[in-house]
Structures are given as structure tokens and as C-alpha cells.
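Peer 1:
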Amino acid sequence: MRQATATTQGGYFVSTRRRLGRRLIQLYAGLALYGASSALLVEADLGLEPWNVLHQGLAELTGLTIGVVSIIVGAAVLLLWIPLRQRPGLGTVSNVFVIGLAMDATLALVPDAHSLAVRVPLLLAGIVLNGAATGLYIAARFGPGPRDGLMTGLHRRTGRSIRLMRTGIESAVVVTGFLLGGTIGVGTVLYAVSIGPLAQLFLRVFAVPSASSRSTLVAGVSPERAILRP
């Protein structure tokens, strides 16, 4: 009996380590791919996702790279978690740095696209890759990104719906970014209407098996509430 119990426990710990290893791979692969997908949207120059409109505008204003601006903004947003009593996870802190670094690295490697015949496929590839990256990151369950945590924190503190918090914050972000020189276009609209379904699809694809059964677990909130933002 003792030998059987020890064997069962040993198998459980091996399984747990494997799941942790898979989750860590998903976390950093998702963050790196998210940064790469954002860079493709920048290269397409047909419209960015809301927060990157702000990042691009600030980059134009300051002369910094968009990746560095993303890191600075992410760190500043994370500081706003303190009065909201939000607790960051490994994924939250990693989000701040990895996405910005991956974005700048991809922009340095991908040649400039001038033809619309190239820019449209870049836009579509960027959106689909963004959805896959979102599924990888959220399914890893290491904590929300700093901007999503800001929305959920404001929701808890004010009692207002997450939908309202998200709409208000992202509207302000887009308008500010556009006034600073960020790009709004068909890509912004296409991203807005497609990222939710794409994220839900890839959340199911990359769901990590649970410790107690053969079922799979995904993020504890719906994709619409947990969409990763740079």
C-alpha cells in the first residue's frame, strides 16, 4: 500500500512539474509572439490595436522606440495597481518587459513594407498571430497583463462593469494616441471585432490539463475580459 501511494505521489509531482514547464513555455512564447504580432501591425501601417496607438504616438513624441515606450507605459500602469490593491503575477511582470523587447526585435528584423499587397497580409498575419499569442498567454494562468489588471481593479473598486471600464480606458488611449501621431485605420477596427473570437479559439487550443483530472483549464475569466494587451 505504501509503495503504491509513493508511486502515485511521485507520478503526481512529475505531472505537476511537466504542467509547470508547459505553462512557462506558453507564457514566454505567448508574450514573445504578442510582441512580434504587434510589430507586424506596426509594419502594415493600416491601424494598430488601442494601446499601441498610444505607444506609437508617444514614440513619435519622445523619439524612443515603440517597444521601450510600451515597457515604460506598462510599468506606469502597474504602479496604478497599488491603490487598487491588485496583486501582480509572474505573467504580469514579464508582460511589461518581454512584449516591448520582442516588438523592437521584430521591427529591427522585418524590412519596411511599402506595397499594399504586402501590408494587407502583414495586417492579417499580425491579427491572427495576436490571437494565438493571447491564447498561449492567458491559458498559462500566470496573471493578467498590467492593462487588463487596471480594468479589473477599477471594476472592483467602482462597481462599474468591466465593459464600461474597458471602453472608457481604451477610448481615452486611442484618442490620446491618435492626437500624438498614432495610427488608426481599418486594422484597428478589424482587430477590435476579431480578437475576441480568435482569443477564445486559441484559449481552447492551448488549454493546460488540470492537476486533478484529464479535463483542461483555461483562464478564469472570459476572453473578452482577459484579452492581453501590450
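Residue numbers for the sequence shown follow my numbering, beginning at 1 and rising by one.
Ideal Cβ placement from N, Cα and C applies to all residues, glycine included.
Fair warning: this is a prediction, and the values are worked out from it, not measured in the lab.
Report the rounded CA-to-CA distance for A139 versus P111, giving the unit in angstroms.
Peer 2: One C-alpha to the other measures close to 32 angstroms.
Peer 1: Going by the beta-carbon positions, is the gap between T134 and D104 smaller than 9 angstroms?
Peer 2: No, Cβ-Cβ distance for T134 and D104 is not below 9 angstroms.
Peer 1: Using a Cβ-Cβ cutoff of less than 7 angstroms, which residues in the same chain neighbour V233 once the five nearest sequence positions on both sides are dropped?
Peer 2: With the chain running from 1 to 230 in the structure shown, residue 233 is simply not present.
Peer 1: How would you label L154, buried or exposed, when you count the other beta carbons within 10 angstroms and need 16 or more for buried?
Peer 2: So L154 counts as buried.
Peer 1: In chain order, what residues of the same chain lie with their CB nearer than 8 angstroms to the CB of R17, ignoring the 5 residues before and after it?
Peer 2: If we look at R17 and ignore the five residues flanking it on each side, it has no Cβ neighbours.
Peer 1: Could you pull out every residue in the same chain whose Cβ sits closer than 6 angstroms to the Cβ of Q86, ignoring the five residues on either side in sequence?
Peer 2: Contacts found: G149, G153.
Peer 1: Let me check understanding here. Comparing Cα to Cα, which of E60, P88, L123, R141 lies closest to L180?
Peer 2: Out of E60, P88, L123, R141, E60 has the C-alpha closest to the C-alpha of L180.
Peer 1: Give a yes or no on whether the C-beta atoms belonging to R166 and M151 are separated by under 9 angstroms.
Peer 2: Closer than 9 angstroms, so yes.
Peer 1: Would you grab the beta carbon distance between R157 and L84 for me? Rounded to a whole angstrom, and I think it's under 8 angstroms.
Peer 2: Sure, about 6 angstroms apart at Cβ, within 8 angstroms.
Peer 1: Using only the alpha-carbon positions, how far apart do I82 and Q26 sit?
Peer 2: If you take the alpha carbons of I82 and Q26, they lie about 27 angstroms apart.
Peer 1: How about G126 and G74: are their beta carbons less than 9 angstroms apart?
Peer 2: Going by C-beta atoms, G126 is not nearer than 9 angstroms to G74.
Peer 1: Express the C-alpha separation of F206 and A199 in angstroms, rounding to a whole number.
Peer 2: Distance between the alpha carbons of A199 and F206 is about 10 angstroms.
Peer 1: Write down every uninterrupted run of the alpha helix (DSSP H) in the stretch 149-182 whose length is 4 residues or greater and which is fully enclosed by it, in chain order.
Peer 2: Whole alpha helix (DSSP H) segments, 4+ residues: 162-180.
Peer 1: By DSSP, does I184 sit in helix, in strand, or in coil?
Peer 2: In this structure, I184 counts as coil in the three-state DSSP scheme.
Peer 1: Once DSSP output is grouped into helix, strand and coil, what is the label at V110?
Peer 2: In the structure shown, V110 sits in coil (DSSP, three-state: anything other than H, G, I, E or B).
Peer 1: Can you look up L48 in the DSSP assignment and give me helix, strand or coil?
Peer 2: DSSP places L48 in coil when its eight states are reduced to three.
Peer 1: Can you tell me which of the three DSSP states T65 falls into?
Peer 2: The answer is coil: DSSP assigns T65 none of H, G, I, E or B.
Peer 1: Restricting to Cα atoms, I'd like to know which of G182, N130, F202 is closest to L190.
Peer 2: Ranking G182, N130, F202 by Cα distance to L190 puts N130 first.
Peer 1: Let me confirm a value: L109 is counted as buried when at least 16 other C-beta atoms fall within 10 Å, else exposed. Which label applies?
Peer 2: By the neighbour-count rule (16 or more Cβ atoms within 10 Å), L109 is not buried but exposed.
Peer 1: For G126, report the span of its alpha helix (DSSP H) as first-last.
Peer 2: 116-140 is the span of the alpha helix (DSSP H), which, as asked, contains G126.
Peer 1: State the Cα-Cα distance for the pair L48 and I72, rounded to the nearest angstrom.
Peer 2: Distance between the alpha carbons of L48 and I72: 18 angstroms.
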